[in-house]
Ligand SMILES: Nc1ncnc2c1ncn2[C@@H]1O[C@H](COP(=O)(O)OP(=O)(O)OP(=O)(O)O)[C@@H](O)[C@H]1O
Ligand SMILES: [Mg+2]
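Residue numbers (this note's numbering): 163 to 501.
#1: Between 351, 257, 252, which lies nearest to residue 210 when the distance is taken from Cα to Cα?
#2: Give a single yes or no on whether residue 202 has its beta carbon closer than 7 Å to a heavy atom of ligand 1.
#3: Go through its chain and collect everything with a Cβ distance to residue 490's Cβ below 7 Å, but skip five positions before and after it.
#4: With DSSP run on the structure shown, which of helix, strand or coil describes residue 485?
#5: Given that a residue counts as buried once 16 or more other Cβ atoms are within 10 Å of its Cβ, and exposed if not, what is residue 381?
#6: Does the region 459-473 touch the region 481-489, meaning 3 or more C-beta pairs lie closer than 8 Å?
#7: Ignore the nearest five residues each way along the sequence and tell me which others in residue 190's own chain have a CB closer than 7 Å to its CB.
#8: If contacts are defined as beta-carbon pairs under 8 Å, then residue 241 and residue 319 qualify, I think. What distance do you get, rounded to the angstrom?
#9: Is residue 175 helix, strand or coil when you go by DSSP?
#10: Tell whether a beta-carbon distance below 8 Å holds between residue 424 and residue 395.
#11: Could you name each continuous beta strand (DSSP E) segment of 3 residues or more that falls completely within the region 412-442, going from the start of the chain to the end?
#12: So what's residue 467 in DSSP terms, helix, strand or just coil?
#13: Between which two residues does the beta strand (DSSP E) containing residue 366 stretch?
#14: From 228, 185, 202, pick the residue whose C-alpha is nearest to that of residue 218; which is it?
#15: Based on DSSP bridge pairs, tell me the residues matched to residue 390.
#16: Suppose you measure from the CA of residue 297 to the CA of residue 249; what does that come to, to the nearest Å?
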């Protein structure tokens with residue numbers, strides 16, 4: 163049995179909406195996994211179910227070989243950092259962090275030592291006496307994190323902890339959380355709707371869609387081998403073409419399904435390619451060029467279909483907006499989904 167086992171968890175809210183439709187996951191001790199999915203797919207509900215903050219209709223949850231399905235949040239010994247800021251506004255940073263220790267059987271000195279260690283970990287030493295309103299958004303999130311960690315939880319549950327934070331600080335906090343995970347080795351379940359964040363942070367990703375797990379695997383596994391058209395559309399910026407679009411783009415005929423093509427497996431040229439049987443070819447017009455550091459993303463209109471093409475910038479002659487573009491994709495880089 164894995165460290166955390168979630169088996170066929172279902173949850174319907176009072177208004178009749180089934181939000182979890184049979185979710186199963188297995189997480190190893192010390193793993194950092196991410197629940198990734200669009201808004202409303204059930205991520206927070208699943209996290210709250212694991213923490214025991216909301217009930218489930220059926221299914222089982224095991225942590226460290228103990229069936230915790232019927233246990234209270236306190237008995238589960240997990241820490242959750244919530245999507246919205248949840249610090250107590252009338253308590254100092256010190257007291258907010260210490261709050262989790264109030265019922266712990268520890269001496270005052272031990273508690274003070276734990277709080278000090280937690281402050282060091284989030285690098286906010288000297289902030290003890292400040293109130294939440296005197297902190298930036300990122301600092302508040304770090305204090306929330308410290309409040310979770312200070313109790314030595316078995317599992318850390320992080321629900322979009324960076325949702326209110328700007329891009330630069332987000333990256334810094336991602337690194338900080340990864341460092342904390344590495345140094346403490348706490349089994350961590352992280353929730354986000356941002357695929358790049360998920361790829362950067364996780365040992366493994368569970369992609370959720372509409373109350374179910376769509377696919378799970380390592381970040382590169384999901385990126386390179388999405389098993390459904392939905393997964394391909396969500397991860398890796400795949401170009402996703404319906405059968406009809408496929409026909410208009412390259413002339414080939416399929417009756418149904420989707421083709422998915424990663425932007426970096428499309429090659430672009432200002433002049434026609436010498437055609438070979440193991441490639442497909444398309445033609446279009448460059449509509450947009452976006453420089454992403456050493457990668458250039460071309461958006462090419464093929465008929466009315468927008469194809470994204472990523473090319474490493476190697477100092478070669480570039481295409482300009484409005485130029486005719488000839489695209490080539492190796493057959494082996496195409497992924498076909500029946501639906
Ligand atoms: N207490 C509740 N009562 C009724 N419906 C709820 C309740 N909580 C959540 N829902 C519904 O369940 C669905 C899933 O909500 P949930 O908060 O789990 O989504 P999420 O994946 O965390 O989304 P987001 O990325 O926006 O935070 C939504 O459609 C939401 O409206
Ligand atoms: Mg949520």
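Beta carbons are placed, not taken as given, at the ideal position from N, Cα and C, and that holds for glycine. Note that this is a predicted model, so its numbers are computed, not measured.
So, from the listed chains and residues:
#1: Comparing alpha carbon positions, the residue from 351, 257, 252 closest to residue 210 is 351.
#2: Because some heavy atom of ligand 1 lies under 7 Å away, the Cβ of residue 202 counts as near it: yes.
#3: Excluding sequence neighbours, residue 490 sits near 429, 435, 441, 443.
#4: Under the three-state reduction of DSSP output, residue 485 falls in the coil class, being neither helix nor strand.
#5: When all chains shown are included, residue 381 counts as buried.
#6: Contact holds: three or more Cβ-Cβ distances are below 8 Å.
#7: The residues are 164, 165.
#8: Sure, about 7 Å apart at Cβ, within 8 Å.
#9: If DSSP states are grouped into helix, strand and coil, residue 175 belongs with coil.
#10: Judged by their CB atoms, residue 424 and residue 395 are not nearer to each other than the 8 Å cut-off.
#11: With a minimum length of 3 residues, the unbroken runs of beta strand (DSSP E) contained wholly in the region 412-442 fall at 420-423, 428-431.
#12: Assignment of residue 467 by DSSP, reduced to helix, strand and coil, places it in the strand class.
#13: That run of the beta strand (DSSP E) goes 366-371.
#14: Nearest C-alpha to residue 218: 185.
#15: Looking at the DSSP assignment, residue 390 forms no beta bridge with any residue, so it has no partner.
#16: If you draw a straight line from the Cα of residue 297 to the Cα of residue 249, it is about 11 Å long.
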